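Only one structure is covered here, and it is reproduced in the block below.
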Amino acid sequence: MADYYFDPDPANNPPADYDTDGALKLTAGTAIIGLTLTRDANGGIPGVGIRALGIQDITLISGATIRSQSTGIEFAAQGTNRLFNSNGFIWSLSGSAVRFSQGGEGIISNQGAIQGRTGIEMTGTGGLQVFNSGVITATGTETEDNAIRGGKGSDRVVNTGIIRSVNSDVAIDLDEGDDIYEGGGGSVIGKVLLGKGNDTAYGGSGDETFSGGQGNDYIHGGAGIDTVDYSDATGSVTVDLRQSVEQSIGGNHDRDTLISIENVIGGDHNDRLIGNDDDNYLQGGKGDDTLEGGAGNDTLDGGEGDKDWVRYTGTAAVTVNLGLTHAQDTGGYGKDTLYEIEHVEGGGGSDTITGNDKANELIGNGGNDTFQGGKGDDTIDGGQGNDMAVFSGKREEYEFPINVDGDNVEFTVKDLVADRDGTDKLKNVRFLKFLGDPNTSDDDVIIAVRNQNPSSITLSTSSVREDATSESHIGYINGSDPDEDSLTYSLSNDAGGRFKLNGTQLLVNGAFDYESATSHEIVVRAVDKWGGEFFKTITVNVTNVIEYTPIVRTGTAASDRLTGESGNDWFSGLGGNDSLYGSNGNDSLYGGDGDDLVVGGDSDGDEANGNDLLDGGNGNDRLYGCAGNDTVYGGEGNDVVVGGNGDLPSGDDLLYGGNGADTLYGGDGSDVLYGGNGNDMLNGGSGRDTFVFDMRPNARTNIDNITDFSPADDTIHLARSAFNKISKGTLAKKAFVVGNKVKDRDDRIIYDKKSGALFYDPDGTGKAKAVQFAMIQKNLALTHKDFFIF
1 MADYYFDPDP
11 ANNPPADYDT
21 DGALKLTAGT
31 AIIGLTLTRD
41 ANGGIPGVGI
51 RALGIQDITL
61 ISGATIRSQS
71 TGIEFAAQGT
81 NRLFNSNGFI
91 WSLSGSAVRF
101 SQGGEGIISN
111 QGAIQGRTGI
121 EMTGTGGLQV
131 FNSGVITATG
141 TETEDNAIRG
151 GKGSDRVVNT
161 GIIRSVNSDV
171 AIDLDEGDDI
181 YEGGGGSVIG
191 KVLLGKGNDT
201 AYGGSGDETF
211 SGGQGNDYIH
221 GGAGIDTVDY
231 SDATGSVTVD
241 LRQSVEQSIG
251 GNHDRDTLIS
261 IENVIGGDHN
271 DRLIGNDDDN
281 YLQGGKGDDT
291 LEGGAGNDTL
301 DGGEGDKDWV
311 RYTGTAAVTV
321 NLGLTHAQDT
331 GGYGKDTLYE
341 IEHVEGGGGS
351 DTITGNDKAN
361 ELIGNGGNDT
371 FQGGKGDDTI
381 DGGQGNDMAV
391 FSGKREEYEF
401 PINVDGDNVE
411 FTVKDLVADR
421 DGTDKLKNVR
431 FLKFLGDPNT
441 SDDDVIIAVR
451 NQNPSSITLS
461 TSSVREDATS
471 ESHIGYINGS
481 DPDEDSLTYS
491 LSNDAGGRFK
501 LNGTQLLVNG
511 AFDYESATSH
521 EIVVRAVDKW
531 GGEFFKTITV
541 NVTNVIEYTP
551 IVRTGTAASD
561 RLTGESGNDW
571 FSGLGGNDSL
581 YGSNGNDSLY
591 GGDGDDLVVG
601 GDSDGDEANG
611 NDLLDGGNGN
621 DRLYGCAGND
631 TVYGGEGNDV
641 VVGGNGDLPS
651 GDDLLYGGNG
661 ADTLYGGDGS
671 DVLYGGNGND
681 MLNGGSGRDT
691 FVFDMRPNAR
701 TNIDNITDFS
711 PADDTIHLAR
721 SAFNKISKGT
731 LAKKAFVVGN
741 KVKDRDDRII
751 YDKKSGALFY
761 DPDGTGKAKA
771 VQFAMIQKNL
781 ALTHKDFFIF
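Next up, the structure:
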């Protein structure tokens, strides 16, 4: 039988006792309350409003009010006590609005308002269940003054309303036990302390802060900007928001699972906090912390420690300045805001890292990095790549060593001007840059303090026919440099003027006579831009040629057939669809107009020797160099240009497609293939072939398809006249990227290994678009060393 209390006059209510402090005493049972219990408008009842001495189910109907100075409703019997607040108001001035003083299990369904210094409190080993769709408020100022304070049992809070702490930063403290918090569509103002135990929390639609405490906790932030707080940790913590599985946290926290969390607060120790792709806020607190925001526009706050790090460990280039306290564009990592950060670690890209007025540690790792330490005695480690340290004064205002030998060598740069750049320790830094006087027009000065000489030189072809004419191509010079610098070549010994260099091409510059000398020695010098040099003596063999009387023949406007003999023949087909066969000797065959067949050998297809010159002229021609080191020009039209005859071995040929959609086959030997204008097909065949691109890239009209490129043997040469934003020499490592887009401002050549497409981008991540210029095979082990710019 339920007791009903509705009338303020006790005589009209069921029999009831009142304690000396004015509390309405309830024995075990059920009570439905619809009246207002209050003594005055300010303080309410001096003591407890309702005291349930037995196990009770209490219902406050809509409009009921309990006002008390200490406790609004006290459940003083151990067991399962229930409270249903149907839009009533329970209020306490200086204590708990609802208190379970003897433990047990407390179940509250709140649709109204509960407010006190502490809203709801469970003591002892009891467990608390709160289902809130109303408002629960804590007004106290101490940490333990919470809207909901659980006991040492397993608590559960389901919130679709509002739970808030007005003056304390903790709204819910679930204490010990395996607790559950379900945010639903509700909101919490203040932290949610899950406490000791294996707890589970599901955030609601608002912005929530969770502190897991000791145990293996599962925290799902849900909607909103949610935070995990490890400020109570007794040791260093490691938190990685990229992980959606259980992770070891450290300190007094065990293994937590964090999902849909945006922000992390560390503790007083040396923490490592890692963000995800969202806009994260990472706060280190005290201690020497390491913060890694990742992608997104992050705020990274080192806190009170004096050795706090930010890390950018991806492959994209980063630009970061510790002197800025506003959002800064870091490049591939979003717009980050940095507070109280002393040290920076870059990643695999070509980073630009600037310190502040503190003693910074700056690490580059991979890529060609640029550092400027600023004021303070800084420590800079470039890592891999050709790294540079920048100083604000003139070169003569600093003390530093020159020609530092070896890798990983540390040296010191001392600024002789007080209160400027300080004394910096450098490691793995190759270049020093001095900005000079900002009030003058003096150019910046760059010095290589560590430079390794070029280490090798090779020649692609080491033989020349004795009847080779001036300007004839012999082969390509190629060198290597440990620092991957671009090299410039010259001849220290040109064998009496018989040879010369045009860039990397070795050309004929004089006459040869096999009977007088079967070989000649040349000395090639390779030098980098810093003066490091290497010399190589190379022997070029002269091959004997049987000399014949040349035949000169000219065709007509009709379709002619001209056949040579053993000498050096000269034919011109003129008009018509002509057939020209040179046979033996070094023949010069010109097809002229019409769709011509031009063969360096004979009409039977036999391989006749000779270094022939073939020119198809106008029309859709077929040209076959046959044996020997031939030079073949397709000319105008859609031509087929073959170094051999298609079946038998050929020499080291030089093939030019010209205009039109041409097809070039090198055959055997180390061939050089120029596609020219048009969408050409290039096949080098066996040997160490070179594919040359000397026309401006055009994604619609000028994409060449290389069908047999071998990174182990072949090379792609790019003319700087067409690819004018790349430095001459072997392509710099920082200028090459594998993927479908550029990653930083230094990228110039892009290889999409999924499609085989090659692109040229004149300004990396700038405004200009990448333009496709070639197609090769998919999934090749292509590197920057496969490209040479001349």
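As numbered in full-length UniProt numbering, residues 1 to 790 make up the sequence shown, in order.
Virtual Cβ for every residue (Gly too), placed ideally from N, Cα, C.
Everything numeric in this text was worked out from a predicted model, so none of it was measured.
Beta-carbon proximity check, residue i vs residue j, cutoff 7 Å
| i | j | result |
| --- | --- | --- |
| residue 194 | residue 169 | no |
| residue 350 | residue 367 | yes |
| residue 378 | residue 424 | yes |
| residue 270 | residue 296 | no |
| residue 815 | residue 176 | Residue 815 falls outside the range modelled here, since the chain spans only 1 to 790, and no answer is possible. |
| residue 457 | residue 552 | no |
| residue 219 | residue 282 | no |
| residue 116 | residue 147 | no |
| residue 744 | residue 317 | yes |
| residue 589 | residue 582 | yes |
| residue 780 | residue 711 | yes |
| residue 729 | residue 519 | no |
| residue 706 | residue 679 | no |
| residue 100 | residue 84 | no |
| residue 167 | residue 132 | no |
| residue 731 | residue 784 | yes |
Where residue i falls: helix, strand or coil (DSSP)
| i | result |
| --- | --- |
| residue 733 | helix |
| residue 748 | coil |
| residue 784 | helix |
| residue 395 | helix |
| residue 350 | coil |
| residue 359 | coil |
| residue 69 | coil |
| residue 415 | strand |
| residue 253 | strand |
| residue 695 | coil |
Whole-angstrom distance between residue j and residue i, CA atom to CA atom
| i | j | result |
| --- | --- | --- |
| residue 221 | residue 261 | 5 Å |
| residue 400 | residue 428 | 14 Å |
| residue 684 | residue 716 | 11 Å |
| residue 474 | residue 422 | 55 Å |
| residue 157 | residue 741 | 49 Å |
| residue 756 | residue 164 | 59 Å |
| residue 360 | residue 449 | 22 Å |
| residue 490 | residue 600 | 34 Å |
| residue 279 | residue 766 | 24 Å |
| residue 225 | residue 249 | 21 Å |
| residue 621 | residue 508 | 29 Å |
| residue 640 | residue 634 | 7 Å |
| residue 722 | residue 790 | 10 Å |
| residue 230 | residue 268 | 9 Å |
| residue 153 | residue 102 | 13 Å |
| residue 357 | residue 323 | 8 Å |
| residue 200 | residue 315 | 36 Å |
Cβ-based burial, residue i [other Cβ within 10 Å; buried from 16]
| i | result |
| --- | --- |
| residue 455 | exposed |
| residue 791 | Only positions 1 to 790 of the chain appear in this structure, which leaves residue 791 out of reach. |
| residue 464 | buried |
| residue 263 | buried |
| residue 724 | exposed |
| residue 35 | buried |
| residue 557 | exposed |
| residue 402 | exposed |
| residue 417 | exposed |
Contact belief for residue i with residue j at Cβ below 8 Å, rounded distance in angstroms
| i | j | result |
| --- | --- | --- |
| residue 211 | residue 232 | 6 Å |
| residue 381 | residue 398 | Not really, about 19 Å apart at Cβ, beyond 8 Å. |
| residue 644 | residue 655 | That pair is no contact at about 11 Å. |
| residue 697 | residue 771 | 4 Å |
| residue 108 | residue 120 | 6 Å |
| residue 431 | residue 393 | That belief does not hold up - the Cβ atoms of residue 431 and residue 393 are roughly 16 Å apart, past 8 Å. |
| residue 662 | residue 689 | Actually they are not in contact, since the Cβ atoms of residue 662 and residue 689 sit about 16 Å apart, beyond 8 Å. |
| residue 694 | residue 674 | 7 Å |
| residue 792 | residue 345 | Given a span of 1 to 790 for the chain in the structure shown, any question on residue 792 remains unanswerable. |
| residue 58 | residue 31 | 5 Å |
Any chain D beta carbon closer than 7 Å to residue i
| i | result |
| --- | --- |
| residue 790 | The structure shown contains no chain D; it is built from a single protein chain. |
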